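What follows is a set of notes on a single structure, which appears directly below.
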Amino acid sequence: MPSDRSHRRGGGCLIYARTEMEVSTIDDPLLADTPDSVWLSACRANPPFILGCLYMPPPHSTSSINRLSTLLSHTQALPHSNKLIDGDLNLPEIAWAQQNSYLRLSPLLAQLNVEGWSQLVRQPTRGTHTLDIALVNGYLCPTAAVCPKFPDSDHCIVACKDPKSDVTPIQVRRHPR
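This is the structure in structure tokens:
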């Protein structure tokens, strides 16, 4: 399920989900109005969860960081117990492993911590930077692996897997440029 990227170059979101996951789009005004994003519900999964894919093109203003913060809080407050947001935030200045970053991003990192979000991607996905995310909230316990680059892309693929399953149910890939 791709996001609509007409009249734009680069970026974008695409979620590949196995048919047996029985995903459906989420009817939510804020999520629907978020550009460059796809939001799905996997209600029949065990456990059920929301899956979001988000692309934030650079450069980032204070306003765009605030919109991201609002989006994360809104998603966290949705009635689903488990959430997984994958995507490309294009924030090379975040040092995910150390939980320290540029001062302008400190409130965002504090919010992620307070709201119970965990970043699963711990390796660089473009050059030496971890631009791509797999944020999880709730008792969902997937693992994330950084895989080779998608053909003609400047980012590596991030694949998320449910450790209780023998199959990889979710693969999030960036569109080729």
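Just add 8 to wherever you are in the sequence shown, counting from 1, and you've got my numbering. The beta carbon of each residue, even a glycine, is placed where N, CA and C say it ideally should be. Just so it is clear, the structure is predicted and the values come from calculations on it, not from any experiment.
Residue Leu143 holds the alpha-carbon nearest to the alpha-carbon of Thr151 among Leu143, Phe158, Lys157. The stretch 45-61 and the stretch 72-92 touch, with three or more beta-carbon pairs separated by less than 8 Å. By the CB criterion at 7 Å, Thr133 and Cys168 fall outside the cutoff.
For Ser81, same chain residues with a beta-carbon under 8 Å away, outside a window of 5 residues either side, are Gln119, Glu123 in chain order.
Taken atom to atom, the span from the alpha-carbon of Leu148 to that of Trp125 is near 11 Å. In the three-state reduction of the DSSP assignment, Thr42 falls in the coil class, being assigned neither a helical nor a strand state. The residue from Gln131, Leu38, Thr138, Arg26 with its alpha-carbon nearest to that of Leu76 is Leu38.
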